[in-house]
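Data first, discussion second: the structure below is written as structure tokens.
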Amino acid sequence: MHHTTLAADDKAAKKEAPEKMEEQLLFKSRYVMIFGEIDDKMAHATCRRLLALAQESDAPITLLISSPGGHVESGDAIHDMIRFVRAPVTVIGTGWVASAGTHIYLSVPKERRLALPNTRFMIHQPAGGAGGQASDIAIQAKEIIRTRERIAAVIARETGQPLSRVAVDIERDFWMSTDEAIAYGLVSRVIEKQSELG
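Just so we're aligned: 72 in full-length UniProt numbering is position 72 of the sequence shown, and the numbers increase by one with no gaps anywhere.
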């Protein structure tokens, strides 16, 4: 029994070793990765990583993102933390960058917003489900409108598009290729190789 437990622990340790090594290499190279849905758990892990890297040094941080979006406030937390830390962050879009993912992507100046060739981008208005008493539904609807206006203002400010155009564009899912995202002011340039970061 004792030997079986030791063997199981040894297997678990060997399985964790590459993951720990990978984490150490990512930290050492100052990379942060956001892949998947944006939620509080993702926001917590990302903000912790950003703060730790910024505490270690003011050297640039590279953040790779591929996300369908998620919780607006979780996206806000990451967006604000990227702007908060002293170290300059460069964001690279890959896969898809949509909804709250785009909000995170827009947290840095345009010259530090890059994309890999096949990335797709999407902007839209925040969604919300309302339930409960009529007064609660009215409060939730008002809050969704305020959030929509705030998100539209960020998109307009960071892309240079008129707020009136952004307001129309986000009425429905508005998808863009990398070329279209460059023309829109979302992306500064497309890169294909890590060596192009310099």
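Glycine included, every Cβ here is placed at the ideal spot set by N, Cα and C.
Rounded to whole angstroms, what is the Cα-Cα separation between Glu149 and Val108?
20 Å
Short of 7 Å in beta carbon distance, which residues of its chain neighbour Leu25, apart from the five on each side in sequence? Order them along the chain.
none
What do you reckon, are the CB atoms on Ser66 and Val97 nearer than 8 Å?
yes
Once DSSP output is grouped into helix, strand and coil, what is the label at Ile170?
coil
Does DSSP put Thr46 in a helix, a strand or coil?
helix
Three-state secondary structure (DSSP) of Gly198:
coil
Looking only at DSSP bridge pairs, what is Phe35 linked to?
Ser66
Following the continuous alpha helix (DSSP H) through Arg157, name the residue where it begins and the one where it ends.
Ala134 to Thr159
Three-state secondary structure (DSSP) at Leu116?
coil
Thr178 and Ala115 look like a contact to me (Cβ under 8 Å); what is the Cβ gap, rounded to whole Å?
5 Å
Can you list, in chain order, the residues of its chain with a C-beta nearer than 7 Å to that of Arg83? Leave out the 5 residues immediately preceding and following it.
Ser107
Bridge partners for Ala98 per DSSP, in chain order?
Met122
How do the segment 88-96 and the segment 163-173 stand: do at least 3 beta-carbon pairs fall below 8 Å, yes or no?
no
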